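Number of protein chains: 2
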Amino acid sequence: MTGRRASFRTIRDELSRRIAERVWLPGTLIPGEEALAEEFGAARATVNRALQELARAGILERKRRAGTRVALHPVREARFVIPRIRQEIEARGSEYQYRLLSVEEANAPEVICARLSLLTKSNMLHVRCLHLADRVPYQFEDRWINLNTVPDARTADFTLMGPNEWLVGHAPFSNAEFTFMAGAASADEASLLQIREGDPVFIGERITWMKGEPITLAHLVHPSSHRMVTHL
Amino acid sequence: MTGRRASFRTIRDELSRRIAERVWLPGTLIPGEEALAEEFGAARATVNRALQELARAGILERKRRAGTRVALHPVREARFVIPRIRQEIEARGSEYQYRLLSVEEANAPEVICARLSLLTKSNMLHVRCLHLADRVPYQFEDRWINLNTVPDARTADFTLMGPNEWLVGHAPFSNAEFTFMAGAASADEASLLQIREGDPVFIGERITWMKGEPITLAHLVHPSSHRMVTHL
DNA sequence: TATTCCTATATGTATAGACATAATTAATCT
DNA sequence: AGATTAATTATGTCTATACATATAGGAATA
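If you want it as structure tokens, here you go:
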């Protein structure tokens, strides 16, 4: 061969090209694995791997017996890294600082219980803290931790380590829900973030579960200078 | 075995469980493919597939010769669907309406060119429109389309179909950058979205390229009631 | 006509074997 | 010792083959 042997990458990229350049229009039934294997001079397994990757990426739809076709409405997805505040700040070349504001065991208010699908007024740990980048407030964190699922949190020391950092090491999660929104800073939030009351803020809310049991709800507030960027 | 034959799923899930339940702590060097193959009574290729999936998910780190270890700082990623405004609104059970505000060919201002990495003041198409859900303003779209890469846009009719919908069918993209942030509504935005000037808004910015050539920049403004939700 | 059953077929998965490749470790040379 | 080279080893990939499984579409039936 002139170049390299046909690998699943070569095949994947070539098929991807044909779709991107509309050689195969959306909805088209493309040749079967057997045929493609012959065309590329590869084994069916190799073609299969290429096709599976493209199907996973959402640009192909495969069905047994029916064959493989170019997705009509490719549900394009983008990824974003689940931010870990310390890394996020240090990755920008800034110095990370952390300040614990309050920790207390309390019955979570109705709103919080509802968000966590908890019927009873569960006993929880309420942690409030502030994350700074180069001594400038970066994120205010208001977190509720379910003491029924993570009883160890009661004795954890949050003066040096943020609750997220602690939880990463003590309570793995299997599921999570992320919500992003805009809001207006409350008086409390404003003074902590050194902005004015009513100023727009970028809010991230994160709920995590382990096998259906809610672990924690984090309410994360950023000043409006914050950007959440991701690439496809 | 008690149940079914060991499949790559079985193996993947079992390994995943061992990591989640801390049988194998972060940093641990786990047994090699050969050993796992023997343990599960499967072929090495099958174990390999399981391990590769876990590595792709970021919970394992693999290196030739060195072996496979549990990721120390698992870079967890979440996905979000790249929203297609019509589908997004109809999926909520709302009726979708669209209103074109303005279309004009113009030289993009410096800021826009800079965002698209265009040095010259390229000739572009500036489209402004409004998307409504059940007759309530849902998103204000302010878009610039590069006429050098998508000359067809000049003759496109945006009175019935939004520029995004049109572009999906005419200009596939290979790369995209998404930025999310909070901001305060300008007087213009406020009147269009039926909110007050200065009210917080949720802003999404989307830039797409085809093979390095910038195609379009979309500035999408939502009232602060908007939620962007995603699951892991 | 509508329903049920059957079968052909494309994809899904497993396997043994082979070779490729990267990276660590050991051996060799200066 | 320090640098270069070679051997070793775990993962990466490909192949040929086999069987599993879902299902479209036709055949048989009610």
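Residue numbers (the working numbering), protein chains in the order written: chain G, 1 to 232; chain H, 1 to 232. The C-beta atom is built at its ideal place from N, Cα and C for all residues, glycine as well. Fair warning: this is a prediction, and the values are worked out from it, not measured in the lab.
Query	Result
Residues of its chain near Thr28(H), where Cβ-Cβ distance is below 8 Å and the 5 sequence neighbours each way are ignored	Arg69 and Val70
Asp157(H) to Ala20(H) span [Cα, whole Å]	53 Å
Separation of Ala42(G) from Arg86(G), as counted between CA atoms	47 Å
Closer than 8 Å to chain G by CB, His126(H)	no
Outcome for Glu105(G) when other beta-carbon atoms lying within 10 angstroms are tallied against a minimum of 16	exposed
Three-state secondary structure assigned by DSSP to Ile195(G)	coil
DSSP three-state assignment for Val75(H), whether helix, strand or coil	coil
Asn148(G) burial status per 10 Å Cβ neighbour count (16 or more: buried)	exposed
CB contact check: Ile85(G) to chain H, cutoff 8 Å	no
CB of Arg143(H) within 8 Å of CB of Ile207(H), strictly	no
Nonlocal neighbours in the same chain, by C-beta distance under 7 Å from Gly32(H), ignoring five residues either side	Gly67
is_contact[Met161(G), chain H] using C-beta, thresh 8 Å	no
Beta-carbon neighbours of Thr230(G), restricted to chain H and to distances below 7 Å	Phe178
Nearest candidate by alpha-carbon position, reference Glu53(H), set Glu95(H), Ala91(H), Thr10(H) and Trp24(H)	Thr10(H)
Spatial distance of Glu34(G) from Phe40(G) (CA atoms)	10 Å
Alpha-carbon spacing of Ile112(H) relative to Arg12(G), whole angstroms	35 Å
Status (buried if at least 16 other CB within 10 Å, exposed otherwise) for Val201(G)	buried
Span separating the alpha-carbon of Thr179(G) from that of Ile59(H)	23 Å
Length of the line joining the Cα atoms of Ala57(H) and Asn164(H)	31 Å
Pairwise C-alpha distance: Val103(G) and Ala204(G)	The question names Ala, but residue 204(G) is Gly in the sequence shown. Cα to Cα, Gly204(G) sits roughly 21 Å from Val103(G).
Contact set between Gly27(G) and chain H, taken where Cβ atoms lie within less than 7 Å	Those do not exist, as Gly27(G) stays about 12 Å from chain H at its closest Cβ, beyond 7 Å.
Runs of beta strand (DSSP E) lying entirely within the region 116-150 of chain H, each at least 3 residues, in chain order	123-133 and 136-146
Segment contact flag, the region 90-104 of chain H with the region 131-142 of chain H, C-beta cutoff 8 Å, min 3 pairs	yes
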